[in-house]
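Using this note's numbering, you'd call the opening residue of the sequence shown number 1 and step up by one each time. Note that beta-carbon positions come from the ideal geometry of N, C-alpha and C, so glycine has one too.
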Amino acid sequence: MKAIWKGTLAIGKVEIPVKLYSAIESQSLGFKMLHAKCKSPLNYERICSKCKKKVEWENVVKGMELADGSFFVITQEKLERLKPEHTDEITIKEFVTSTLIAPIYYDAHYYLAPNKVTEKAYFLLMHTMIDLDKVAIATFVMREKEYACAISPYEHGFLLSTLNYEYEIRPISRIEELSVKVSAKVTKKEEELAEKLIRKMTKKKFDINEFHDTFAEKLIEKIKRAAAGKKHLAMRAKKAVKGREVSLLESLQESLGVQKEKPLRARARK
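In structure tokens form, the structure reads like this:
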């Protein structure tokens with residue numbers, strides 16, 4: 001595996017030579033836009049919305065739209081002056097418990113490895129953080145951007161996760177149904193059954209290998225058969241069967257395999 005960044009991990013006066021490796025490899029199906037008639041790939045064209053003509057790369061500039069609809073053009077020279085100062089150091093600023101970092105702040109993940117397997121300071125830091133159950137919060141510059149990141153022990157090394165800045169996160173209040181912090185009223189019986197259901201479905205260990213992208217697997221198999229000269233299998237859409245509306249209480253009882261309570265019948269008068 002090839003390192004994408006090299007430098008040092010600094011904690012106080014201690015500097016640890018480290019390397020950064022991509023931890024995630026995206027497995028996209030790789031669809032391409034084609035012309036329906038001849039099945040040829042479509043090319044990207046830089047057409048000016050005003051001139052209606054193709055613009056060559058040498059005539060392309062970068063700009064940001066202002067409130068009045070006009071654009072502020074920024075040159076490459078200005079961008080160069082505004083770029084963060086390049087440094088080969090990941091600087092640890094503080095330590096926190098992992099529960100203090102909300103999941104929404106985590107972005108991309110990388111493996112942070114020592115330059116040498118004999119790097120004593122690296123493993124000392126890792127084992128100490130495990131003992132204290134701490135995550136390091138640090139900053140560093142990579143590819144002309146300054147990142148805030150969380151460094152946490154992972155298996156027998158470190159996992160560096162870049163963090164989203166506050167201004168990059170959309171407020172959940174923008175969603176109309178979640179704009180008010182008021183939840184639907186539930187009964188005590190529903191709460192008890194919900195707790196039983198969660199306990200019943202809880203596992204002691206999580207194994208991601210139990211989960212698969214069945215759509216991708218079926219599609220890849222279909223493409224393989226097509227490539228081998230076999231006929232495409234017709235995909236039949238399952239017709240949705242409209243059933244009666246089931247209450248929350250009934251759904252919880254059915255999930256737990258609990259026989260629903262029958263309504264009491266009034267006794268016939270003699």
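**Prompt:** Measuring CA to CA, which of A194, I90, K54 and I47 is closest to W5?
**Reply:** The shortest Cα separation from W5 among A194, I90, K54 and I47 belongs to I90.
**Asked** By how many angstroms is the C-alpha of C48 removed from the C-alpha of V55?
**Response** Distance from the CA atom of V55 to the CA atom of C48, rounded to whole angstroms, is 7 Å.
**Asked** What number of angstroms, rounded off, separates the C-alpha of Y106 from the C-alpha of F140?
**Response** Using only the alpha carbons, I get a separation of about 16 Å.
**Asked** Between which two residues does the alpha helix (DSSP H) carrying F215 extend?
**Response** For F215, the enclosing alpha helix (DSSP H) has its first and last residue at T214 to A227.
**Request:** Taking A108 as the reference, give the member of G257, T99, I175 and E25 with the closest Cα.
**Result:** Nearest to A108 by alpha-carbon distance, out of G257, T99, I175 and E25, is E25.
**Asked** Considering only residues of the same chain and omitting the five flanking positions on each side of L249, which have a CB-CB separation below 6 Å?
**Response** Residues E190 of the same chain have their beta carbon placed closer than 6 Å to that of L249, with the five preceding and five following residues left out of the count.
**Request:** Use the C-beta contact count for W247: other C-beta atoms within 10 angstroms, 16 or more gives buried, fewer gives exposed.
**Result:** A small fix is needed here, since residue 247 is Ser in this sequence, not Trp. Counting the other CB atoms within 10 Å of its CB gives S247 a total below 16, which places it among the exposed residues.
**Completely contained alpha helix (DSSP H) runs for the region 170 to 200, where each covers 4 or more residues** = Listed in chain order, nothing qualifies, since the region 170 to 200 has no complete alpha helix (DSSP H) run of 4 or more residues.
**Message:** Could you pull the DSSP bridge partners for G69 from this structure?
**Reply:** Answer by DSSP bridge pairing: none, since G69 is not bridged.
**Item:** Environment of Q76 [buried if 16+ CB atoms lie within 10 Å]
**Value:** With fewer than 16 other Cβ atoms inside 10 Å of its own Cβ, Q76 counts as exposed.
**Message:** Considering only their Cβ atoms, is the gap separating E94 from I151 smaller than 8 Å?
**Reply:** Result no, Cβ atoms of I151 and E94 do not sit closer than 8 Å.
**Reference L160, options K204, V180, Y111 and Y147, closest by Cα** = Checking every option, the nearest Cα to that of L160 belongs to Y111.
**Request:** Measure the CB-CB distance between E80 and F71 and report whether it falls below 8 Å.
**Result:** Against a cut-off of 8 Å, the Cβ pair of F71 and E80 comes out as no contact.
**Request:** With a floor of 4 residues, list each alpha helix (DSSP H) that falls wholly inside the region 63 to 132, ordered by position along the chain.
**Result:** You should have 76 to 82 and 120 to 132.
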